[in-house]
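Residue numbers (the UniProt record's numbering): 1 to 365.
Each residue gets a CB set at the ideal place from its N, CA and C atoms; glycine is no exception.
The structure under discussion appears below in the form of structure tokens.
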């Protein structure tokens with residue numbers, strides 16, 4: 001099987017030749033190839049060259065790869081968490097970027113966004129207009145040219161090609177940790193923000209996905225995990241609009257990638273309401289055995305070797321973790337072996353290689 005066939009089988013809840021394997025890697029591509037982080041982020045050619053070099057370094061074994069350069073996220077004019085036009089991102093020459101989650105506005109921002117939209121939060125103080133224009137012109141042209149090369153010459157599936165957030169989650173990040181109590185203090189504003197802007201976010205995401213010629217859309221969430229809120233609050237402030245987004249993207253022909261940071265164990269039942277095979281559920285620290293019991297036969301699950309283990313553990317420890325995940329989740333198909341969230345830039349290449357080896361050695365159907 002090709003990687004495309006292997007991943008498609010897992011998504012369709014069928015048995016491939018062996019368990020697809022895909023550590024979630026972005027900045028690791030820069031570190032493992034010796035690419036300066038600044039160049040990897042801002043130079044589309046440097047990003048793709050590093051990604052291609054990393055793909056070859058790992059013997060062409062990653063079944064999926066994040067290939068949309070981070071430049072597109074950091075200069076996004078639509079509201080996403082990675083856009084430095086909305087959030088306080090700090091950039092460095094040799095280290096990965098960091099977001100300073102601080103209070104950027106008081107609770108009055110809700111009325112302003114309800115009236116004027118998310119553009120009220122946008123600022124060019126960190127990213128100038130010229131850089132945004134360059135991203136969506138010359139850099140977009142280069143990216144599409146590179147993607148044509150990837151699809152023609154490399155056996156891997158482009159992953160997380162476009163991105164979409166819940167309106168309320170965007171507001172919670174903008175308000176910082178002090179604003180998290182908005183869920184209790186101004187609950188009507190949270191639901192109003194979702195009602196007012198969810199369909200606009202869907203329309204904008206579909207427009208960007210078409211521009212990038214994407215085939216899948218990633219929907220990350222942390223603030224509405226059970227690490228942060230109760231199931232009752234999730235149902236009140238997130239689920240109806242999260243489901244609306246998934247249904248809209250699926251209907252438009254896109255695979256949805258639910259990237260769920262934190263613990264989602266008490267919330268897993270909600271996702272059984274989604275169409276069979278419509279999404280891949282990427283899990284961070286959730287119980288994979290629990291996810292398999294709930295979602296097996298409904299949605300493909302992906303995860304979740306501890307990223308800390310990939311950086312500081314031994315290959316033998318990684319092997320044990322991978323074998324346990326395969327034994328727990330691979331039965332009947334519908335499983336992709338991956339890291340729990342992103343493999344860190346300093347992940348030990350021997351540990352990454354062990355993940356590929358385990359899929360081949362223990363994951364055959």
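Look at residue 137 here: in three-state DSSP terms it is helix.
Looking at the backbone, the Cα of residue 267 and that of residue 226 are separated by about 7 Å. Residue 250 carries a helical assignment under DSSP once its states are collapsed to helix, strand and coil. Per the Cβ contact rule, the segment 227-235 is not in contact with the segment 199-210 (fewer than 3 Cβ pairs under 8 Å). Membership of residue 224 in any beta strand (DSSP E) is not indicated, and neither H nor E is assigned to it by DSSP. Annotation: residue 264 is outside any alpha helix (DSSP H) and is labelled neither H nor E by DSSP. For the set 235, 162, 173 and 212, the Cα lying nearest the Cα of residue 201 is the one of 162. The three-state reading of DSSP puts residue 131 in helix, counting H, G and I together. In this chain, residue 304 is not harboured by any alpha helix (DSSP H); it is covered by the beta strand (DSSP E) spanning 300-305. Scanning 18, 132 and 343 for the CA closest to the CA of residue 284 turns up 343. Taking 8 Å as the cut-off, the beta carbon of residue 215 is found closer than this to the beta carbon of residue 254.
Contact check for residue 36 against residue 20 fails: the beta carbons are separated by 8 Å or more.
Shown here, residue 219 sits in a strand according to DSSP, grouped into three states. By the criterion of a C-beta distance shorter than 7 Å, residue 112 is surrounded in its chain by 120, once the five residues flanking it on both sides are discounted.
Burial state of residue 71 is buried, judged by a 10 Å Cβ sphere holding 16 or more other Cβ atoms. In chain order, 315 place their CB closer than 6 Å to the CB of residue 350, counting only its own chain and leaving out the 5 sequence neighbours on each side. In this structure, residue 295 keeps its C-beta atom at 8 Å or more from the C-beta atom of residue 261. Your pair residue 143 and residue 44 checks out as a contact, with CB atoms roughly 5 Å apart and the cut at 8 Å. When only Cα atoms are considered, residue 182 and residue 270 end up about 24 Å apart. Secondary structure at residue 271: helix, using DSSP grouped into helix, strand and coil. Taking a contact to require three or more Cβ pairs closer than 8 Å, the segment 328-346 and the segment 286-294 qualify as touching. Beta-bridge analysis with DSSP links residue 90 to 98. In the three-state reduction of the DSSP assignment, residue 19 falls in the coil class, being assigned neither a helical nor a strand state. Cβ atoms of residue 73 and residue 50 stay farther apart than 8 Å, at about 16 Å. The residue from 338, 281 and 348 with its alpha-carbon nearest to that of residue 312 is 348.
Within the same chain, 354 and 358 come within 7 Å of residue 319 by CB-CB distance, once the 5 residues on both sides are set aside. A distance below 6 Å between beta-carbons, with the five flanking residues on each side excluded, links residue 118 to the following residues of its chain, in chain order: 79. A direct Cα-to-Cα measurement between residue 52 and residue 62 gives close to 11 Å. Boundaries of the alpha helix (DSSP H) harbouring residue 72: 70-74, taken from the DSSP string.
By the neighbour-count definition (other C-beta atoms within 10 Å, threshold 16), residue 99 is an exposed residue. Annotation for residue 324: the continuous alpha helix (DSSP H) segment containing it runs 315-329. In this structure, residue 147 and residue 67 form a Cβ contact; the two beta carbons are roughly 7 Å apart against a cut-off of 8 Å.
Here the alpha carbon of residue 64 sits roughly 14 Å from the alpha carbon of residue 153. Within the segment 3-57, the runs of alpha helix (DSSP H) that reach at least 4 residues and sit entirely inside it are, in chain order, 3-11, 27-33, 37-42 and 44-57. Counting every other CB atom within 10 Å of its CB across the protein chains shown gives residue 241 a total of 16 or more, marking it as buried.
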